[in-house]
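See below for the structure under consideration.
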Amino acid sequence: MKNRMWINLVMAILVAGLFLTVSCAKKQIVESGTIENQAQVEAGAKVKAMTDAQAEAERIKQQKLDDQMAAQKALLASKASADKKRFGNQDVHFQYDSAELSPMAKMLLKEKAAWLKANYTVAVTIEGHCDERGTTNYNLALGERRAATVKSYLINLGVSASRMNIISFGEEQPKDFSKTESAFRKNRRAHFSID
Amino acid sequence: MFKHYIRKLIFFLPRINLAIFVFVGIALGLLSPGAAFSKDYDYININNPFLKKTPVAITEFKAFNGHAAEIRDGKTAKQMLKDALNYTGYLKAINPVAFLSNPADTGIQLGQINFRDWTGIGAELLITGGIYENNGRVKLELRLFDTFNTKLLVGTAYSGSRSMIRSMIHKFCGEIAYALTGKRGVFNSKIAFVSTVNGKKEIFICDFDGENIKQITSDRSISLSPSWSYDSNWLSYVSYKRGRPEIFIRKLKGKRGAIVNFKGMNISPAWMPGQLKLAATLSKNKDQEIYLLTIKGEIIKRITTSWGIDVSPDFSPDGKKIVFTSKRTGTPQIHIKDIESKRVERLTFNGLNNTSPAWSPDGKKIAYVGIVENKINIYLIDINTGIPIQLTMNQGDNEDPSWSPDGSMITFTSTREGGVQRIFVMNASGSDQRRLLNMRGRQTQPDWSN
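Residue numbers (the working numbering), protein chains in the order written: chain A, 1 to 195; chain B, 196 to 645.
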């Protein structure tokens, strides 16, 4: 309660003060010209405020644009890196004891060809892999044929042969070590690694 | 068919006491009356698939000086002998509790043995041994008797340092094998293989019985497909140590060697019998073909010319033909090609996946790997009849057959214990399948030397 009283008192003094200043100003002699000037000044101020506001709006707009651009750039960059990741992660799969390309493998290779053309400075190694069935030497040979088939398909799609190396790892580097049909499927693959 | 009993004395060091030499020579010579007769039959035909094991009695070694070290080494030597003979798969050591007499006490020479004590317990063969040991130098006197014919079949003496007892025993086993089968057996042979015991696949070698394991490569890459030269001085193998599969040709002693590094793949090396040349699969002309190479890795000639995978060559014992895996007919099958006449024959017609052929030392059969309904097993096919028999079944996946030099056994890889690849041996008839090595990691691709 005591605090409230003090606040009220201070407020009262301030309000009284305001009235005093206003009354002081009124006491001054003011010519009409000055009044006009005053109006001009006021108008000037108004214009300035408007242009300021406009500039601010402009700035905000620009900022928004910049932000958008940056976002777009980031998006593009992330898409490029996602594409690159996809290029590296998506393996081409094969049937058992086969180096022939399935329709799905061909679709994936078309995507890879597009990426390789868009990223024309990149060189890649195509690794041929097999599942564990079959003997070491036979699978080395089969893995090389898988990699070679993939390479020649990409050459047909317009990718330069000089950008693609092939190597076979046979059954030496399985992706999935379990002895299930699904693991074997994963392991029969051509894998792309960017040099 | 052979005519000679083994009477020679083999000494490891030339500076052996001449007196002992003469003594032993005379003693064994006198005690080898059987040598006067010529033997015109083989005791044991190791190619017989229904081979019955011949029971052999191996007696305690007589310790001539009788001191503790001598007695102990005599026991060790006897155990080594027993292990080695049991390993053959055609001999079986009789449990000593059945023995009726002890030649270590009554005498280990021909005139001192009562053969009825041995025929009476079913021992068709008897081995006696004696050991002299002085200051770390050992002499072993070893004899093999035919109990039913009361004949000395082998009598030899060996001397050397204590550390040579194992090789003395194995030399004696070689003489036993020669007397019984006409072949020196496996006792001087080694097995090369691939192991991941230290993480990456590296090449190792060991003795025929899995002892004395030695690491050959330390490339920390992928090493594969070891192959022995006929003289067991050279090894070839595949390594990725320089980034892609290349064939390394290496002399085990010394630093000589070569690298086969044609463009593409260089895999699947196999030495020729009797010559320092190799066959291998190269993909330098895109299509994988088998070539004949010099020991320096230069191409002598191309052997196969058919489109499709051609891999896993192995020579016939006369070196004139190769057996190999080819996909020329659509599925991998075993084929034989005459290198000169270029005639090719398909050998396997059963199943859709037959690979990894190994030509038997007698030239008559091929061991190979067949996959039927996802089961990987080792088969044996007679070249003349074309009839395959299955050697492994219902015990994991079985691959990589390789023949022992005498053709009595086959080593191979199996996943039968815990699903992990390990090296096994079996008799060529498929009997007595047992693990060879007790090592961590995976062991694969055994190759048996001569």
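Note that beta-carbon positions come from the ideal geometry of N, C-alpha and C, so glycine has one too.
Helix, strand or coil at residue i [DSSP, three-state]
i              : result
residue 600(B) : coil
residue 612(B) : coil
residue 497(B) : strand
residue 90(A)  : coil
residue 5(A)   : helix
residue 530(B) : strand
residue 365(B) : helix
residue 66(A)  : helix
residue 164(A) : strand
residue 358(B) : helix
residue 109(A) : helix
residue 152(A) : helix
residue 124(A) : strand
residue 191(B) : Only positions 196 to 645 of chain B appear in the structure, and residue 191(B) is not among them; the question remains open.
residue 341(B) : strand
residue 78(A)  : helix
residue 53(A)  : helix
residue 312(B) : helix
residue 182(A) : helix
residue 319(B) : coil
residue 267(B) : helix
residue 285(B) : coil
residue 638(B) : strand
Nearest residue (CA-CA) to residue i, options the options
i              : options                           : result
residue 584(B) : 297(B), 557(B) and 546(B)         : 546(B)
residue 489(B) : 483(B), 467(B) and 499(B)         : 467(B)
residue 598(B) : 626(B), 557(B), 643(B) and 277(B) : 643(B)
residue 250(B) : 298(B), 318(B) and 537(B)         : 318(B)
residue 487(B) : 455(B), 459(B) and 512(B)         : 455(B)
residue 541(B) : 291(B), 295(B), 238(B) and 523(B) : 523(B)
residue 314(B) : 294(B), 337(B), 302(B) and 306(B) : 294(B)
residue 575(B) : 607(B), 330(B) and 407(B)         : 607(B)
residue 413(B) : 389(B), 532(B) and 360(B)         : 389(B)
residue 361(B) : 270(B), 253(B) and 506(B)         : 270(B)
residue 579(B) : 528(B), 560(B) and 471(B)         : 560(B)
residue 347(B) : 338(B), 354(B), 353(B) and 355(B) : 338(B)
Buried versus exposed call for residue i [16 or more other C-beta atoms within 10 Å across all chains shown]
i              : result
residue 549(B) : buried
residue 121(A) : exposed
residue 429(B) : buried
residue 530(B) : buried
residue 502(B) : exposed
residue 300(B) : exposed
residue 641(B) : buried
residue 592(B) : buried
residue 508(B) : buried
residue 404(B) : buried
residue 538(B) : exposed
residue 139(A) : buried
residue 326(B) : buried
residue 291(B) : exposed
residue 480(B) : exposed
residue 4(A)   : exposed
residue 613(B) : exposed
residue 146(A) : buried
Same chain only: Cβ atoms within 8 Å of residue i, ignoring 5 sequence neighbours per side
i              : result
residue 602(B) : 241, 242, 378, 555, 556, 557 and 623
residue 587(B) : 572, 573, 593, 607, 609, 621, 625 and 628
residue 316(B) : 252, 289, 293, 294 and 295
Same chain only: Cβ atoms within 6 Å of residue i, ignoring 5 sequence neighbours per side
i              : result
residue 462(B) : 433, 440 and 476
residue 464(B) : 422, 431, 442, 473 and 475
residue 496(B) : 487
residue 553(B) : 509, 562, 596, 597 and 598
residue 193(A) : 125
residue 175(A) : 186 and 187
Other residues of its chain near residue i: CB distance less than 7 Å, five sequence neighbours each side excluded
i              : result
residue 191(A) : 91, 127 and 129
residue 328(B) : 260, 264, 265 and 268
residue 604(B) : 284, 381, 620, 621, 622 and 623
residue 411(B) : 398, 399, 400 and 430
residue 407(B) : 401
residue 272(B) : 256, 324, 326, 335, 360 and 364
Mind the definition here: the stretch 410 to 428 of chain B touches the stretch 88 to 103 of chain A only if three or more C-beta pairs lie below 8 Å; say whether that holds.
-> no
Answer yes if the stretch 605 to 620 of chain B comes into contact with the stretch 360 to 369 of chain B, meaning at least three C-beta pairs across the two stretches below 8 Å, and no otherwise.
-> no
Is the number of C-beta pairs between the stretch 337 to 344 of chain B and the stretch 312 to 327 of chain B that are closer than 8 Å three or more?
-> yes
State whether the stretch 268 to 284 of chain B contacts the stretch 371 to 385 of chain B, with contact taken as three or more CB pairs (one from each stretch) at a distance under 8 Å.
-> yes
Inspect the CB distances between the stretch 149 to 156 of chain A and the stretch 104 to 114 of chain A and report whether three or more fall short of 8 Å.
-> yes
Does the stretch 131 to 138 of chain A come close enough to the stretch 166 to 185 of chain A that 3 or more CB-CB pairs lie under 8 Å?
-> Counting Cβ pairs under 8 Å, three or more are found: they touch.
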